[in-house]
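The structure appears below as structure tokens.
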Amino acid sequence: MPIGNVIPGTRVGSAPERHQPAPCRTVTYWCRNDHHTPIRLAAEVEVPEVWDCPRCGLPAGQDAQNPPGRVRPEPYKTHLAYVKERRTAEEGEAILAEALAALRRRRGRPAG
Ligand SMILES: [Zn+2]
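According to full-length UniProt numbering, the residues represented by the sequence shown are 1 to 112, in order.
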């Protein structure tokens with residue numbers, strides 16, 4: 001096995017890159033854990049309001065003093081939500097009762 005048979009200057013796959021670098025801007029996002037993350041965005045890309053912090057996963061915003069997620073209490077269930085839930089449950093019971101009745105009919109037993 002020959003040693004030292006390497007020809008300098010011949011590297012496969014080292015084609016020169018000719019594309020122009022796209023114009024970029026750096027936007028820094030802060031999360032509520034005081035992580036700041038500089039994000040490089042192409043100039044034509046719309047800057048997103050919120051960026052997920054890569055360190056803790058919380059939403060991060062561009063305002064260091066007021067990161068998102070700090071003052072967002074859990075939404076309370078509205079009355080409508082309760083009504084909807086109850087209605088769904090009632091519908092479910094009705095379907096269940098119907099199915100049971102059908103089952104009983106099929107078995108030839110009186111309901112109840
Ligand atoms: Zn974070």
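In this text, a Cβ means the ideal position worked out from N, Cα and C, and glycines have one as well.
Model, not experiment: these values are computed from the prediction.
CB of residue 33 to nearest heavy atom of ligand 1: below 7 Å?
The sequence position of residue 33 within the sequence shown is 33, counting from 1. Because some heavy atom of ligand 1 lies under 7 Å away, the Cβ of residue 33 counts as near it: yes.
For my contact list, residue 27 and residue 39 are in at a C-beta cut-off of 8 Å; report their separation, rounded to the angstrom.
Counted from its first residue, the sequence shown places residue 27 at position 27. Counted from its first residue, the sequence shown places residue 39 at position 39. The pair is a contact, with the Cβ atoms about 5 Å apart (cut-off 8 Å).
Quick one: using the 10 Å Cβ neighbour count with 16 as the cut-off for buried, is residue 61 buried or exposed?
Along the sequence shown, one-based indexing puts residue 61 at 61. When all chains shown are included, residue 61 counts as buried.
Three-way DSSP call (helix, strand, coil) for residue 92 in this model
Along the sequence shown, read from residue 1 onward, the residue named residue 92 stands at position 92. Here residue 92 sits in helix by DSSP.
Can you name the residues that DSSP bridges to residue 141?
Nothing can be reported for residue 141: it is not among the residues displayed for the chain, which extend from 1 to 112.
Taking only heavy atoms of ligand 1 into account, decide whether any of them is closer than 7 Å to the Cβ of residue 56.
To locate residue 56, count along the sequence shown from 1; it is residue 56. Checking every heavy atom of ligand 1 against the Cβ of residue 56, one is found closer than 7 Å.
For residue 30, tell me which candidate among 85, 63 and 96 has the shortest Cα-Cα distance.
Taking the first residue of the sequence shown as 1, we reach residue 30 at position 30. The shortest Cα separation from residue 30 among 85, 63 and 96 belongs to 63.
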